[in-house]
Every structure is written in C-alpha cells, then in structure tokens.
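Residue numbers (mature numbering (1 follows the signal peptide of the UniProt record, and there is no 0)): -23 to -1, 1 to 331.
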C-alpha cells in the first residue's frame, strides 16, 4: 500500500467518525431542489454511506425536483445533472430536509442542515480558494488554486471550530494530504475512531478506494467523434507520445479565455506526433456549445461536444467529476496526470517533452 493510498483510505472515514454518535429522527432524508439551469432535465444523486454507494435520480420540472433516500449515519451526497456539468457535494442523513436553490449547480445555497450551512460559510469566507472544485467521489480532490493555502485554511478552521462534522467533511473533500504527510497525520489524528464504528469506516473506505483506483488505473481509449467545423476527430493514444484531454463546461469570458490561451500554447509547443491536445466539452446541448466556442480565436486543437457528459461511453470509465478537468495520457493510454489544475498538467508535459 502506497503512502497516498493510505491517506485516501483514512481521510474519507473521518466523515463517519465525527458523526456516528447522533441519532436520526426519521427513516429517510428529503432533498428539494430548485435549480434553474436544470430546466426539465434529469438529475442524479450519488450517496456514499457506510456499506454501499447508492445512485438516486429524479427529473426536474422547470428546475424543481425532489429526491428521497436513506442513510442512518451522515453520508456524502454528490448532486449533478445526468447530462453533464459540475457537481456539488454535501452531507445527508435520515431526518434531513434539505433545500437546494440557485441558478446553477455550482452556485447553490443549501439550507436545512447546520453542518452544510457551516461548510457553506467556510467556503464563502475563502473566496476564490476553492473555486472550480467539484469532486464526484468522497475523496480528497487534490486540486485547488493553491493547495497549500487550502490546507492551511482548513487546518485553521479545525483549530477554531474543533473536530466538528463540518470540519471532517472539509478534510475529506478539500484537504490534500500529500503536501505534508506529517501535518496531515497530526490533523487526522485529532479525529478519533471507536470500536463501534471501525468496521463501518473500513467498509466505506474500501468502497472509496476501489472506485478511485479503478478510475486512476483506467486507460484512455481510442474514439471517433464529431468536432467543431463539421469535422471528425479520430483519436488513438498510440499515434502520439502524449495526449492532453481537456474536459470543459459552458464557461465563457475571461475564465474560458484563460483556458483556451493555455491550450493553444501547449498545442503549439510540440509537434503533433509528440503531443495532441483535445478539448471535450460537457456543455450538455449543441446550441450552448456552439455559442461558447464561436468566441474562440486562433484555435489549433480539436473541440468536441460530448453530449453524454461524464457518463458518455467514451469517458465513463475515467470518472470525470470536476470541471474543468484534465487527463494527460501516454501512447499506451496510461494516465500520467489527472486533476483540475491545468498548470499541473502543463508542468507534467514540460517535464517529459522539454
């Protein structure tokens, strides 16, 4: 077992540690949503509890939907559109009646639960530091504008608020244990496990570990897909030394310009036989996608619309949960880098090709 795997197993267990003492007052939880961007599209909720991973769904009507589920202990819930786009993560347990409201999934207000409101308060008090992090599984995202600053903010929160449910969630969701393993161990050890919950924690940790390992070791497959300009992208990992797959969403303006500028630089930096850059958009519908890409300039990389989003057959096995998200693969399809920090992907390319 590697040191990183060890931390990936331990950290999600903290969620149950600080939470198992409470008693529920119902045999189910209810989530009522009003998210304008969903319109009449289906929505998915994945619940990671002590011994299983459950997927629930509903179809929104004018953005409104209701989902009911069960979890005796606190569990991590991940909400996303069935088609594409970012996801949002929060806590659920039996007895909760949560309300999710906002124009988009990544700009929600979550009410009806003290821990979720505390988490929202923490994120709001650190503007920009955790932007663009939408993990789809209960494990450290290891992706932030500044991972060290993110770690420090979370450690400071634990110092101030103690080993609360919200603190445990923040460590599991956003803390990168690989930056300073000793400090990570010290922080984690402040949360204690009991004999009563140890087997429960082990089962959820094993489920998380298996999911993460499957996604990380999966190979990038060949595909033929239609692209912008009425063209077709015929891709095989073996036709170039490395491939950078950039999974993007419907962002426009300065945010997209920053991404496209870097993709252009990377595509220009090496011959195609050494590096190929491919953008795979998860906008959800072709009209939105065409509106987004028509503003692009000096495009030298193929742009593909992936209507199925993260669930599309070509990428489903890669477990793409955060947008934007980047995967660098070698000529065998083996993943060299995966994460939501484009600069980290670029550094990985530089180390290998320059």
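We treat Cβ as the ideally placed atom computed from N, Cα and C, and that holds for glycine.
Predicted model, so just to flag it, every value in this text is computed and none were measured.
Counted within 10 angstroms of its Cβ, other Cβ atoms place residue i as buried (16 or more) or exposed
{"i": "residue 54", "result": "buried"}
{"i": "residue 201", "result": "exposed"}
{"i": "residue 277", "result": "exposed"}
{"i": "residue 231", "result": "exposed"}
{"i": "residue 138", "result": "exposed"}
{"i": "residue 238", "result": "exposed"}
N-terminal and C-terminal residue of the alpha helix (DSSP H) that residue i is part of
{"i": "residue 264", "result": "263 to 270"}
{"i": "residue 214", "result": "Where residue 214 is concerned, there is no enclosing alpha helix (DSSP H), given that its DSSP letter is neither H nor E."}
{"i": "residue 100", "result": "91 to 101"}
DSSP state of residue i mapped onto helix, strand, coil
{"i": "residue 134", "result": "helix"}
{"i": "residue 246", "result": "helix"}
{"i": "residue 55", "result": "strand"}
{"i": "residue 16", "result": "coil"}
{"i": "residue 183", "result": "With a pLDDT of only 47 at residue 183, under 50, the local geometry of the prediction cannot be trusted, and no value is derived from it."}
{"i": "residue 276", "result": "coil"}
{"i": "residue 195", "result": "coil"}
{"i": "residue 163", "result": "helix"}
{"i": "residue 146", "result": "helix"}
{"i": "residue 310", "result": "coil"}
{"i": "residue -14", "result": "Confidence at residue -14 is low in this model, with a pLDDT of 47, below 50, so its placement is unreliable and the value that follows should be read with caution. Looking at residue -14 - three-state DSSP - the assignment turns out to be helix."}
{"i": "residue 290", "result": "coil"}
{"i": "residue 75", "result": "strand"}
{"i": "residue 81", "result": "coil"}
{"i": "residue 338", "result": "Because the chain in this structure spans residues -23 to 331, residue 338 falls outside the shown range and cannot be described."}
{"i": "residue 332", "result": "Outside the shown range of the chain (-23 to 331) lies residue 332, about which nothing can therefore be said."}
{"i": "residue 222", "result": "strand"}
{"i": "residue 295", "result": "helix"}
Opening and closing residue of the beta strand (DSSP E) in which residue i lies
{"i": "residue 322", "result": "Run containing residue 322: none in the beta strand (DSSP E); it sits in the alpha helix (DSSP H), 319 to 330."}
{"i": "residue 203", "result": "200 to 204"}
{"i": "residue 86", "result": "86 to 88"}
{"i": "residue 226", "result": "That residue, residue 226, is in no beta strand (DSSP E); it is neither H nor E in DSSP."}
{"i": "residue 46", "result": "41 to 46"}
{"i": "residue 307", "result": "302 to 307"}
{"i": "residue 29", "result": "Counting along the chain, residue 29 falls outside any beta strand (DSSP E), and DSSP gives it neither H nor E."}
{"i": "residue 70", "result": "No beta strand (DSSP E) holds residue 70; DSSP gives it neither H nor E."}
{"i": "residue 5", "result": "From DSSP, residue 5 is part of no beta strand (DSSP E); its letter is neither H nor E."}
{"i": "residue 252", "result": "252 to 258"}
Residue i versus residue j: straight-line alpha-carbon distance, rounded
{"i": "residue 234", "j": "residue 47", "result": "43 Å"}
{"i": "residue 74", "j": "residue 7", "result": "5 Å"}
{"i": "residue 318", "j": "residue 302", "result": "7 Å"}
{"i": "residue 262", "j": "residue 285", "result": "9 Å"}
{"i": "residue 130", "j": "residue 321", "result": "21 Å"}
{"i": "residue 39", "j": "residue 300", "result": "24 Å"}
{"i": "residue 264", "j": "residue 280", "result": "14 Å"}
{"i": "residue 348", "j": "residue 4", "result": "No answer is possible for residue 348: the residues shown for the chain start at -23 and end at 331."}
{"i": "residue 141", "j": "residue 214", "result": "46 Å"}
{"i": "residue 340", "j": "residue 63", "result": "A query on residue 340 cannot be resolved here, the shown segment of the chain reaching from -23 to 331 and no further."}
CB contact check: residue i to chain C, cutoff 8 Å
{"i": "residue 312", "result": "Here chain C cannot be found, since the structure has a single protein chain."}
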